[in-house]
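Asker: Input: one structure, supplied below.
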Amino acid sequence: MLALFLKSNFVVMLKRFRLVHALVLLLGGSFGVNAPLFAESLTGIGQQQENCNGVVKDATGETVIGASIIVKGTTNGTVTDLDGNFTLPGVKVGDVIQISFIGFQTQEIKWNGKPLTVVLKEDSQALEEVVVVGYGTQKKVNLTGAVAMTEGDMLEDRPIANLAQGLQGAIPNLNITMPSGNPNATATFNVRGITSLNGGSALILVDGVETNDISLLNPQDIESVSVLKDASSAAVYGARAAFGVVLITTKKGKKGQKVTVNYNNNFSWSAPSRLPDGISSDKWIDAVQLANTNASGSGYFSQELVDAVHAYCQDPSRPSAFLDETGAFTAKGQWAYAGNTDWFDEFYKSAAFMQQHNASIQGGTDKNTYYASIGYKGQDGLLAYGTDTYKRINMSFNFTSQITKWLEIGFRAKYNRSESDEPNTQAYMGSSPYYEVYRSFPFIPIYLPDGKNFAAMEGSNFNYNYAGILAEAGRLKNVYDDIWYTGSFNITPLEGLSIKGDYTGNRYFRTQREHLKTIYQLNPDGSQTAKMPTNKAGLRKYDDTYEALNVWAEYKKQIKDHSFSIMAGYNQERKNTSNMYGVAANLYVNDFPIIDMAKDKETLSEEATVWAVQGAFFRLNYDYKGRYLVELNGRYDGSSKYASGSQWGFFPSASLGWRVSEEKFFEPARKIFDNFKLRASVGSLGNQVTNGNFDYIGTVGSETLNYVLSGAIPSGITPATLAYNNVTWEKVTTANFGLDLGLLNNRLTASFDYYIRYTTDMVVSKAYPNTMGTSGGKENLASMRTNGWELSLNWNDRIEDVAGSPLDYNVGIGLSDSYSTITKYDNPTGTLNDLYVGKRLGEIWGYTTDGFIMDAAEAAEQSKRQSYISNTWIPGDIRYADLNGDGVVNEGDSEKGPINTLSNHGDKSIIGNETPRYRFNINLGLSWKNFDVRALFEGVLKRDLWLGNEVFWGFSGVWNSAINDYHVDNSWSEDNPNAYYPVPLFNSDRSRKTQTKYLQNASYIRLRDLTIGYTLPKKWLEPVGISQLKIFFSGQNLWEATGLYKYVDPDMTGNTYQKSSDGMVGTLNSDMKSYPFCRSYSFGINLTF
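Position in the sequence shown counted from 1, then plus 230, gives you this note's numbering.
In structure tokens form, the structure reads like this:
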């Protein structure tokens, strides 16, 4: 019955699909199809033209509808009809007929004047596609674990500052977070959501070797990127693979490949994506006066200053800096300021330039392969004053040689050097300069009336000119040198057996030079006042040594329909790190930051540490006829970071696969399905969570004791921290169920995975009595469960004729989701300020907003009703809802026990969740003639976010305010009772409690990449020896739509988590006080000889 059902239904579906496809082609004129394809060609001269008739079938005898039939080298063509037949007029005997159809190999037949019967062969490329996995590769169709892969070509022709930016949105559930838009920022990689309360990032391996900073890599050297998502696929990497594994493979030559030389470049311009416009100084100072009056009854600034600011805005020809003769502005005898500065416009450049150049050569003989490349990136930062720059040079070399039939050796080397140069603001600013621009006072001018000397450098009585400070405060320079070298061998002593090994060494050097200059303010009388006169020079040197040894053997055997593979190996790694830091103060010459040219040697310190891991691993594979698949993995791992007796752990996994499409009963469906595979896996991994390398050893410190000895209070040695003797691996056990589909000659492929992950023995702090005299230790005391799924859909097809040429296009969609729940945690009272059993990570507890207080009478009433929050309320403050109906708004009734707990939380409730849900990516591509277009969209469909900081609220306090037009125009007043924000108010958060009204909808969609390219015709290039020349235009982050506060970039909202007073919450990157994220526009060429 099943066979009859499949045959009757799937064949009908196939016919219908092919009918639609054929109609699109036959009616191609409606889509701009070239008319000569369906018209008779011009009559030949000297040779008779005839009709070429025939039929096109597949290997099963089924006719192929819509196959393209064309006379090679001409535009004379047609397509097969509903029965697979075709008639092609105007054909001469001897013409070459080209037959093609998506999913089949193209055939060419020389016509002999007789009817043709063409049998197309399936293109087996999809079946032969291999994926990089741990210590080897596997055919994609035989995978039983959850593995995703992308090719390196998706990184080409894009103005990306580093590899992490290029991978954002490329692979479902590979979540990449940049802490800021800084060119030197290091990304965080997360696979499948939260794994542990202690955080963590995916294990990143480049050519099999761990790396901590892929920002030093050249994206143009990348061949492919694989992501191992479940415990089965990652098990061979053991204790460091609990967060997933990212395998990056670099380019290399191929045997028999001719010499190929490539040069490509990229020139781009970047600008901040979502920054506020500056607010005029008169509007700003009026808002400050109002907010301070609402808080204390009077304005903050003198009326003389307010009047002067208004006068300047009405007449900008007035001086913005003048002598304060009365002391009503700053201080008598100092500069008074009353200007109008758009700080965002002044602080940042309109565009920052970046250029990238890459050159490579690759090739191979029958025994040797080689690849060598060099790359350069020069990037200007956004700062208009002080300027910031970043440079990177990459060199790589990859060589293999087949010494004998049974021995191949290889050598790889990489050298990466990067340099950053930026203003040193550490001692002059209370926060980062990217936050200070938000709270700079608009009435402060940049320059004094002479137009040369900076204004407001003295920093007294709110006079801060951060542009001047950036320009004058000194520099912070970093130089990174990263050297890698790998030697490898591959021995094949007998058929099916290969023994491989490699040794990798790495030397990493970093030199950081700090120069803190004394800066000066030119006074009205011509004298100068030094600000922070203690200038300094600092030097920090880092020296890291890393070594890794891998040896493994793999044996493959085919016995009739049974395929076996066994792999076993050994891995050991060791890393020594050291650094030395010295600071000298009181430089003899302010502009020479040399330690020996300073009077006082202030600081000298040295640190050194080491860690090592060791492990043995194995993988067993079996399949029967490529139909039933079994894989077993395991690793026995040891780490130096744990105490003796807790250092070792065994982490096994198993997976099964069933290619249903290979069953006989499935034959009727093969006309639709090329692949139908079910997968299941389960496995356990360790999570090495210690922050330090010797946490199992307690530390001591010295301090003044609290008793008298011999008439004096002595100093003594006291315990500083307890040793973590009882801490061992966290355990992460994952069950994964998957489905892989290939349909319609693999034009449509799909993959779906559902997983449940249990993280047990999580390391958390343990409370100890205060009488211990030291901070508490940690133990394995908590557990968590994560549920998630991911879906990937890809469609690849061709419209055979659009204006005389085929149009190839592809659509890829990825969608994923996950959430985590606490299943074990020691919180007996259920306090909401901590984790608790049953808590969904990211939960937001808060009040429900019930509108604004509208008048004085209501304000008096709310002073009683909302007295738990504050005793003072005014019109325009927030009114909170009394959810439990007890007549007051609070966090619980203290007479019923501890408040703000699960059982006694008053009027608070769960109002949202900060966990990103339903992440998606959409990849679009098409190529037609010599043009190609690629677009990548990425986003999140559901996420709540609480932005509880001054950049969002605007009015916080005169020193911490970040007021812009949006805050002023949308704040409550009697004339604007339906405003968004409450009444302007300083120094009180009573209306800013976590609540529903200001909970942000952090869902978004972003156009991450758009690239348009044109490849010049070969006939133009071949005479000058060029194989290919492509010109491209590209943009990054060109557009987004989001429900967030209008000046918050979606990338700024972060995807990392920390344990805070509200439990596990998402962190907003640096509280919006970081280097801005940018849009980039670029062009370049890609040239191949």
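The beta carbon of each residue, even a glycine, is placed where N, CA and C say it ideally should be. Please read these numbers as outputs of a predicted model, since none were measured by experiment.
For residue 1086, which residues in the same chain have their Cβ closer than 7 Å to its Cβ, ignoring the five residues on either side in sequence?
Answerer: Excluding sequence neighbours, residue 1086 sits near 1105.
Asker: Compute the beta-carbon to beta-carbon distance between residue 1216 and residue 1185, rounded to the nearest angstrom, for a pair I have assumed lies under 8 Å.
Answerer: Indeed, because the Cβ distance is near 6 Å, the residues count as touching under 8 Å.
Asker: Can you give, in chain order, each stretch of the beta strand (DSSP E) that sits fully within the segment 773-840 and has at least 3 residues?
Answerer: Whole beta strand (DSSP E) segments, 3+ residues: 792-817.
Asker: Please classify residue 1258: does DSSP put it in a helix, a strand, or coil?
Answerer: It is a strand residue.
Asker: Please work out which residues of its chain come closer than 8 Å, Cβ to Cβ, to residue 362, disregarding the five sequence neighbours upstream and downstream, and give them in chain order.
Answerer: Cβ within range, chain order: 379, 454, 456, 477 and 479.
Asker: Locate the alpha helix (DSSP H) running through residue 1135, then write down its first and last residues.
Answerer: Per DSSP, residue 1135 belongs to no alpha helix (DSSP H) and is neither H nor E.
Asker: Among the residues of its own chain, which have a CB less than 6 Å from the CB of residue 528, if the five just before and after it don't count?
Answerer: None.
Asker: In angstroms with no decimal places, state the Cα-to-Cα distance between residue 1374 and residue 523.
Answerer: No information on residue 1374 is available, as it lies outside the stretch 231 to 1319 that the chain covers here.
Asker: Quick one: using the 10 Å Cβ neighbour count with 16 as the cut-off for buried, is residue 474 buried or exposed?
Answerer: When all chains shown are included, residue 474 counts as buried.
Asker: Using a Cβ-Cβ cutoff of less than 6 Å, which residues in the same chain neighbour residue 1223 once the five nearest sequence positions on both sides are dropped?
Answerer: If we look at residue 1223 and ignore the five residues flanking it on each side, its Cβ neighbours are 1077.
Asker: I need the DSSP call for residue 466, collapsed to helix, strand or coil.
Answerer: Helix at residue 466.
Asker: Cα separation between residue 1313 and residue 493?
Answerer: Those two C-alpha atoms are separated by around 14 Å.
Asker: Measuring only the C-alpha atoms, how far is residue 1069 from residue 471?
Answerer: The alpha-carbon atoms of residue 1069 and residue 471 are separated by roughly 26 Å.
Asker: Under 8 Å between the Cβ atoms of residue 571 and residue 688?
Answerer: The answer is no: Cβ separation not under 8 Å.
Asker: When the distance is taken between beta carbons, is residue 1241 closer than 8 Å to residue 1164?
Answerer: It is a contact, given that the beta carbons lie within the stated cut-off.
Asker: So the beta strand (DSSP E) residue 1236 belongs to, where does it begin and stop?
Answerer: Segment 1230-1245, the beta strand (DSSP E) holding residue 1236.
Asker: Span of the alpha helix (DSSP H) holding residue 893?
Answerer: Where residue 893 is concerned, there is no enclosing alpha helix (DSSP H), given that its DSSP letter is neither H nor E.
Asker: Under 8 Å, do residue 485 and residue 592 count as touching if we go by C-beta distance?
Answerer: No, these two residues do not count as a Cβ contact at 8 Å.
Asker: Specify the secondary structure class of residue 979 as computed by DSSP and reduced to three states.
Answerer: Looking at residue 979 - three-state DSSP - the assignment turns out to be strand.
Asker: Could you tell me which of 296, 519 and 754 sits nearest to residue 1198, measuring between CA atoms?
Answerer: Comparing Cα-Cα distances from residue 1198 to each of 296, 519 and 754, the minimum goes to 519.
Asker: Would residue 1303 be called buried (16 or more neighbouring beta carbons within 10 Å of its own) or exposed?
Answerer: It counts as buried.
Asker: Could you tell me whether the Cβ of residue 1244 comes closer than 8 Å to any Cβ of chain D?
Answerer: As a matter of chain content, chain D is missing from the structure shown, which is built from one protein chain.
Asker: Determine the contact status of residue 352 and residue 809, defining contact as a CB-CB distance below 8 Å.
Answerer: Not in contact: residue 352 and residue 809 (Cβ atoms no closer than 8 Å).
Asker: Between 958, 1213 and 395, which has its C-alpha nearest residue 1267's C-alpha?
Answerer: Residue 395 is the option with its Cα nearest to residue 1267.
Asker: DSSP beta-bridge partners for residue 1020?
Answerer: In DSSP, residue 1020 forms a bridge with 983 and 1046.
Asker: Hey, quick one: how far does the beta strand (DSSP E) through residue 406 stretch, first residue to last?
Answerer: Residue 406 -> beta strand (DSSP E) spans 404-407.
Asker: In chain order, what residues of the same chain have a beta carbon less than 7 Å from the beta carbon of residue 542, not counting five sequence neighbours either side?
Answerer: Cβ within range, chain order: 548, 550, 568, 569 and 570.
Asker: Determine the contact status of residue 853 and residue 859, defining contact as a CB-CB distance below 8 Å.
Answerer: Result yes, Cβ atoms of residue 853 and residue 859 sit closer than 8 Å.
Asker: Give the single residue among 438, 437 and 392 whose Cα lies nearest to the Cα of residue 418.
Answerer: When only C-alpha atoms are compared, the closest one is 392.
Asker: For the beta strand (DSSP E) containing residue 888, name the first residue and the last one.
Answerer: Looking at the DSSP string, the run of the beta strand (DSSP E) that includes residue 888 is 878-889.
Asker: Here's the rule: buried if 16 or more other CB atoms are within 10 angstroms of the residue's CB, otherwise exposed. What is residue 1326?
Answerer: The requested residue 1326 does not occur in the structure, where the chain is confined to residues 231 to 1319.
Asker: My parser needs the beta strand (DSSP E) runs of 3 or more residues fully inside the segment 320-394; what are they?
Answerer: DSSP runs (the beta strand (DSSP E)) wholly in the segment 320-394: 326-330, 337-340, 346-349, 360-363, 366-369 and 377-381.
Asker: Residue 818 and residue 829: beta carbons closer than 8 Å?
Answerer: Yes. Within cutoff.
Asker: According to DSSP, is residue 683 part of a helix, a strand, or is it coil?
Answerer: If DSSP states are grouped into helix, strand and coil, residue 683 belongs with coil.
Asker: Measure the alpha-carbon distance for residue 577 versus residue 615 and round it to whole angstroms.
Answerer: Approximately 7 Å between the Cα atoms of the pair.
Asker: Quick test of your reading: residue 1225 and residue 1131, contact by CB under 8 Å. State the CB separation rounded to the nearest angstrom.
Answerer: That pair is no contact at about 19 Å.
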